[in-house]
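**Q** First the structure, then my questions, so here it is.
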Amino acid sequence: MNLSIPERSEYLKILSDSDQKIMGVLPALYPRELLWAFDLHAAEIWDPPGDILHANAHLQTTICPVVKKSLEFILKEPDVINTGYLFPHTCDSLQNLGTQVKDLIGVSLPVYTFYNPKGSFNNTTTKYYREILQNFQSMLEVSYGTLDSEKLQAACLLGHRIDSRLMDIQEARQTDRLLLGNQEYFQLMRAQEYLLPKDYMSLLEQVEILDQPSEGAKARILVSGILPPSPQILDFLDKLGVSIVADDLLAGSRRLPKFPMDPPDSPLDYLTDRFFILPPCSTRGGDLDERLHQLNKRSKSSKAQGVLFDLVKFCEPELFDHRLLVKTLREQKIPVLTLETELDSHLSGQDKTRIEAFIELLFEMVPR
Amino acid sequence: MHNLYFAGVDVGSLSTDVCIIDQSGKVFSEMVMPTGVNGSEAAERAFDASLKQADLTRTDISAITATGYGRASVAFATGKTTEISCHGVGAHQLFPKTGTVIDIGGQDSKVIQVDTHGRMLDFAMNDKCAAGTGRFLEVMANRLELDLDELSNPLNIKGESAPISSTCTVFAESEVISLLAKNTPREEIVHGLQRSIVNRIWGMVTSIGIQGEVTLTGGVAHNRGLVALLEAKLGLSLNIPDNPQTVGALGGAHIACRAYHSTLESSTT
C-alpha cells in the first residue's frame, strides 16, 4: 500500500508561505485542540535533521539528543516557526530547556511552557490540570484574541475523530489487517507531528483496513521506548520479515487514550478526561505496575513474541522504568532486546547482530 | 555412504576463523588468519587454507555457515547465523554441560545463556567501547611494550593492582600513561588491566545471570591471568577450549550440518 505522506520540511514551508500560524512544540503531551482552536498549527520538534553544533555550548554532554537537537533547531530561528515555541514539562531536561531558551538564550518569538501534572488521576491533579489549561488559554488570548468556544468544540471533535481512527488502525495492525510495512506504518504515525489535523485525518481515512487478516509476518514484536526505531532499523526489520505489531512508545500509542471516549460535550472536561486516561508513561511518573500490565496486555492481544526496547540515549525517565520492566519481563520468560540509539545515527554492525540474534532466539532458527 | 563435510566461517574484526567437520562432528581443520581490511578476501583465503589442511576441495563441503561481523561478505556460504548463536552451539559441542558462554571477541564481548542443545536463550552484548575486548588488550600491550603472551602471565590474584577504568579504552590508555609516568610496576598495571576487563564482563553477567557450566571463548581466553581473575570473581572454574578462537566457526559448522539434515528430512517427508 502506497500512502502519499508529504515530507515534513516541505510541507511546513508551504504552510508558512501561505501565512499559516505555526508554533514549534517540544515533546510530547500538550493540549493540541486548544492550539487548533486559535488557528495555531502545532509542528512538533522531536528530531530535527542536522548536526548538533551550537547547542553543545549551552548543554551538558549527558543531555538526551532530543533536547540537544531541538535547541540546535531553535537557535537557527527557522522561518517556518512563526509564532512561538511551546515547552511541555515532559522531563526535567525539557522543562529546563524552556527556561533556558526563554530567560537566558532569548529568541525573537514568544516561549510558552505547559507544566503537565505528574502522578495519577485524583482530585488535586485534575483540578491542577484544569487550571493550567485555563491559564494556557488566557496566555494565548493575550496574543490571539478571545477564544471562540465553538472553534474549541470543533477542534475537540476533530481530535476525537483522529483518536478513534488511530485506535482502529492500531487494532488492525495487531490483527494483521493492515497492509503496511514497519517503515510506512511509523511514517503514518509520525505524520501527526506536523500535518494540519484536517490533512492528517484525510490521510488516516486513506488507510485501507482489511476485513480479514492477511498472511501474518514471520516474526512479531512489540517495541517500547520514546521514539519509533530509526528508519534504518525499521528497514532492516522489514527485510528480516519482522513486523512491529504493537508499541508502547511515547511518540506512539502512549499519546492515545487507553479506551474509546465519548464525543466531547464540554471541551475542557473532555481535554482533562483525555489526559488522565492516557496509558501509563515514564514521563508522567506513571505507575510502573500498570505500565507492565498494559505492556503484557498489548503483547498478548498482538501475539508479539518478544519486546524490543529502543531507548534514546540519556533519557532519564525512560531509563528509570526500563530496568524494572526488563527484569519483570525476563522473569515472565518474555524475550527482551534493548538497543540504545542516538538520533540520526546509522545502524551499526553490532546493532544488526543484536537484532538478528534476537530474531534467531525468538524463532528458534538454529536447528536442534 | 561417503563422508559429508560441513564448514563454519567466522569473519571477525581481528581474525577470520574456519572450521571443517564431518557429519559425526569430527574436526578436520581449524584455521585462524588475520582479517585485514577485506572480510570477503579473508574468508576466501582462510577457507582455501582450511580445505588444504583437511585435504578437501570446495565440492566436498555440503553446507557452509558464515558468521561473525563480516558474515554478509561470505559469498560462498549456504547460510548465515550470528556469532552469538554460533558460539552457543560451538561451546556446547565442546562442553555439553555448558549453560553459559562468555565470549570475549576482538571488538565486543558477550554473555550467552544456552539450552541443552546449545541454542541461545538470552544474551548480553557489550559493544559501546572496546573496553572489555581483545582490542583493548592489544592497545594496552602496545602501550606497555609487551606482547600478548607477556600480558597473559598468571598473577597472584591477591597481588597489587593499579586502578584502571573499565568504561573506555581511550581513558584507560591515558590512565596507563599516567601510571607509567609514576613508575608503577608493569605487573601492577597488567593486573589492573585484567581486572578492568573482568569488571566489564561482570556487569554483563549480572544483567542476565549465570546457569550451568561456564565456557570462555574468544582469543582472550588464552590470557591466563585474566582467566584466573574471572574464575575468582565468578567463584567457579571455567571451561577453556583448546582453540577458543575457533569456537564460533565450530558452532557454525555444526549449524550447517543441522540445517543440511533438517532440509533433507523435510524434503523426503
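Protein sequences, first through last, are from chains A and B. Every letter in the first sequence is one number past the one before it in the working numbering, and letter 179, counting from 1, is 179. Every letter in the second sequence is one number past the one before it in the working numbering, and letter 242, counting from 1, is 242. Where a beta carbon is used, it is the ideal one built from N, C-alpha and C, also for glycine.
(1) Apply the 10 Å Cβ neighbour rule to GLN174 (chain A) and answer buried if 16 or more other Cβ atoms are within range, or exposed otherwise.
(2) Look up TYR69 (chain B) in the DSSP assignment and say whether it is helix, strand or coil.
(3) Residue ranges of each beta strand (DSSP E) run of no fewer than 3 residues wholly in the stretch 111-140 of chain B, ordered along the chain?
(4) Under 7 Å Cβ to Cβ from ALA259 (chain B), same chain only, skipping five residues before and after it: list those, please.
(5) Determine whether the beta carbon atoms of GLN137 (chain A) and LEU147 (chain A) lie at a separation below 8 Å.
(6) Who are the neighbours of PHE123 (chain B) on chain A, taking C-beta pairs under 7 Å?
(7) Assuming LEU166 (chain A) and LEU256 (chain A) make a contact with CB atoms under 8 Å, what is their CB distance in whole Å?
(8) What does the Cβ neighbour count give for LYS239 (chain A), buried or exposed, with the cut at 16 atoms within 10 Å?
(9) Less than 7 Å separating the Cβ of LYS110 (chain B) from some heavy atom of the ligand ADP?
(10) Report yes or no: is there a C-beta of chain B within less than 8 Å of the C-beta of ARG354 (chain A)?
(11) What residues of chain A sit near TYR69 (chain B), judged by a beta carbon separation below 8 Å?
(12) Let's test the definition: count the other Cβ atoms within 10 Å of the Cβ of ARG58 (chain B) and tell me whether it reaches 16, buried, or not, exposed.
(13) Assuming MET167 (chain A) is part of the alpha helix (DSSP H), what are its boundary residues?
(14) Say whether chain A places a C-beta atom closer than 8 Å to the C-beta of LYS204 (chain B).
(15) With DSSP as the reference, identify every bridge partner of HIS41 (chain A), one or two as the case may be.
(16) Run through chain B and tell me which residues come within less than 8 Å of GLU360 (chain A), C-beta to C-beta.
(17) For the putative contact between HIS54 (chain A) and GLN20 (chain A), defined by C-beta atoms under 8 Å, what is the C-beta separation to the nearest angstrom?
(18) So LEU210 (chain A) packs on GLY225 (chain A), CB below 8 Å; how close in whole Å?
(19) Using 10 angstroms around the beta-carbon of GLN113 (chain B), count the other beta-carbons present and answer buried if the total reaches 16, otherwise exposed.
(20) Starting from LEU238 (chain B), follow its DSSP beta bridges and name the residues at the other end.
(21) In the DSSP assignment, what are the bridge partners of CYS19 (chain B)?
(22) Quick one: give me the first and last residue of the alpha helix (DSSP H) that SER16 (chain A) is part of.
(23) Only counting the same chain, and skipping five residues up and downstream in sequence, which positions put a Cβ closer than 6 Å to that of ALA141 (chain B)?
(24) Do LEU75 (chain A) and LEU97 (chain A) count as a contact pair if the criterion is CB distance below 8 Å?
(25) Taking one C-beta from the stretch 190-207 of chain A and one from the stretch 266-278 of chain A each time, how about it: are there three or more such pairs within less than 8 Å?
(26) Output the boundary residues of the alpha helix (DSSP H) element that contains VAL136 (chain A).
(27) If we cut at 8 Å on Cβ distances, does ASP22 (chain B) have a partner in chain A?
(28) Is the Cβ of GLU77 (chain A) closer than 8 Å to any Cβ of chain B?
(29) Taking 8 Å as the CB-CB cut-off, is ASP108 (chain B) touching chain A?
(30) Please compile the residues from chain B whose C-beta is within a distance smaller than 9 Å of the C-beta of GLU364 (chain A).
(31) So what does DSSP say about VAL326 (chain A), is it helix, strand or coil?
(32) I'd like to confirm the pairing. Which residues does DSSP put opposite ASP310 (chain A) in its beta bridges?
(33) What's the C-alpha gap between LEU59 (chain A) and GLU44 (chain A)?
(34) On the premise that LYS69 (chain A) lies in contact with PRO48 (chain A), defined as a C-beta separation below 8 Å, what is that separation, rounded to the nearest angstrom?
(35) Would you identify the three-state DSSP class for PHE87 (chain A), choosing helix, strand or coil?
**A** Inspection of the coordinates gives the following:
(1) buried
(2) coil
(3) 120-126
(4) ALA63, GLY79
(5) yes
(6) ALA357
(7) For LEU166 (chain A) against LEU256 (chain A), the beta-carbon gap comes to about 6 Å, under 8 Å, which counts as contact.
(8) exposed
(9) Although the ligand ADP was asked about, the structure shown includes no ligands whatsoever.
(10) yes
(11) GLY349, GLN350, THR353
(12) Under this definition ARG58 (chain B) is an exposed residue.
(13) 149-174
(14) A small correction: the amino acid at residue 204 (chain B) is Met; Lys does not occupy that position in the sequence shown. So no, MET204 (chain B) is outside the interface.
(15) A:ILE22
(16) THR81, THR82, ILE84, SER85, MET120
(17) No, HIS54 (chain A) and GLN20 (chain A) are not in contact; Cβ-Cβ is about 27 Å, not under 8 Å.
(18) Here LEU210 (chain A) is actually not in contact with GLY225 (chain A); their C-beta atoms are around 28 Å apart, not less than 8 Å.
(19) buried
(20) Note: LEU238 (chain B) sits in a beta bridge opposite B:VAL214.
(21) B:GLY8, B:GLU30
(22) 8-17
(23) LEU148, LEU151
(24) no
(25) no
(26) Correcting the residue type first, residue 136 (chain A) is Phe in the shown sequence and not Val. Start and end: 123-144.
(27) no
(28) no
(29) Residue-level contact by beta carbon holds for ASP108 (chain B) and chain A, with a gap shorter than 8 Å.
(30) ARG119
(31) Three-state result, VAL326 (chain A): helix.
(32) A:GLY225, A:LEU339
(33) Distance between the alpha carbons of LEU59 (chain A) and GLU44 (chain A): 21 Å.
(34) 5 Å
(35) strand
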